[in-house]
Every structure is written in structure tokens, then in C-alpha cells.
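For reference, the structure is listed below as C-alpha cells.
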Amino acid sequence: MVGSREIYEYLDRRHIRHEIVEHQPVYTMADLPQVPIPYPSGEAKNLFVRNDKKNQYYLITVQGAKRVDLKDLRRRYGTRPLSLAPEQDLQAMLGLPAGSVAPFGLLNDADATVRWFLDRALLEGDGVIGVHPNTNDATVWMNTRDLIAIIEEHGNPIEIVEI
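Take the sequence shown: its position 54, counting from 1, is numbered 53 in numbering that gives the first Met the number 0, and each next residue is one higher.
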């Protein structure tokens, strides 16, 4: 399993510019007021969902203030009906507990089958994104394109979407 220490070492080894902000554990977006946010436009919210046949999983990453309409996402991007995946699926697929969902969890997807839907808005402006390093008591702030390159290298399918 890839944990925060391995993520930090990887970023340092690859000379990928990043900032780490340690904070109280954050389980939901409602916990955010206690967290220092150096790049507000890069605040990200993550949802782990699956289709109705329980055979395709998706990580959806959007700007923090946005709401995700799963029915609209289905229509626009041709998925089967979607719903939030249960915690045991999150643990089995990404090795993460509830409250720690983030793109770095895709590095624990050994078969690289989870599709990542990334909100195009996180590439705009300063292009910085804040994501958990597979634990919810820290946030890594980095260039969104660097994060995309890491996940592409791992092999998970990525779609840049409008949400």
C-alpha cells in the first residue's frame, strides 16, 4: 500500500514541486473551516462511486464548492447509473478508509481499473490542486498536471470533465 510517507518520498525523488499542510483530520467538506487553504481555487472534493452493476468504479475529483450530479454525469459521459461506493469497496479498491478519498489512492489500485474523472476547473487559474496523501490529516498542494502525470504513469484511465 502506498501511504503518505511513500507519496512524499516519490514527490521529492521526482523533484515535483509541492507543499504539505498538516492539519486536524478532515472527514467531510464540513470539516474544512479548520484547515488552512493556501490555494482556495485548488480545494478539491473527491467522491468514490460505482455503477449499478458493481463492476466499474470511478473517482470523481471536483473543485470543493461544486456539487456533483451523478445523473448528469452519467448522461454526459456515458456511464451506467452511479451511486456512492460503500466503505468496504473503497478499502478493497484503493486501500483507503472513509474520509481519505483522494487521487493518490489510485496508486493502490493494482489493476489500474478505477477511472478518474477530474474537473477541468482544477486545471485553470494557477492550476494547483490540494489532495490528501492517502491520509486525512494532511493536504499536498501541487500542480494538477503533475498529479495527472503520476496517475497516467500508474495506468488508471483519466477523463478531464466539465462539472
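Every residue gets a Cβ at the ideal spot worked out from N, C-alpha and C, and that includes glycine.
Rounded to the nearest angstrom, the gap between the Cα atoms of Val34 and Val127 is 17 Å. Residue burial is scored here from C-beta neighbours: Pro156 has fewer than 16 other C-beta atoms within 10 angstroms and is therefore classed as exposed.
Between Ala111 and Leu93, the alpha-carbon positions lie close to 10 Å from each other.
Of the other Cβ atoms in all chains shown, 16 or more fall within 10 Å of the Cβ of Leu95; this residue is therefore buried. Val61 has Lys44 as its beta-bridge partners, per DSSP. Within the same chain, and ignoring the five residues on either side of Val160 in sequence, the residues whose Cβ sits closer than 6 Å to its Cβ are Phe116. The distance from the Cβ of Gly129 to that of Gly41 is about 5 Å, consistent with a contact at the 8 Å cut-off. Taking the Cα positions, Asn54 is about 14 Å away from Asp108.
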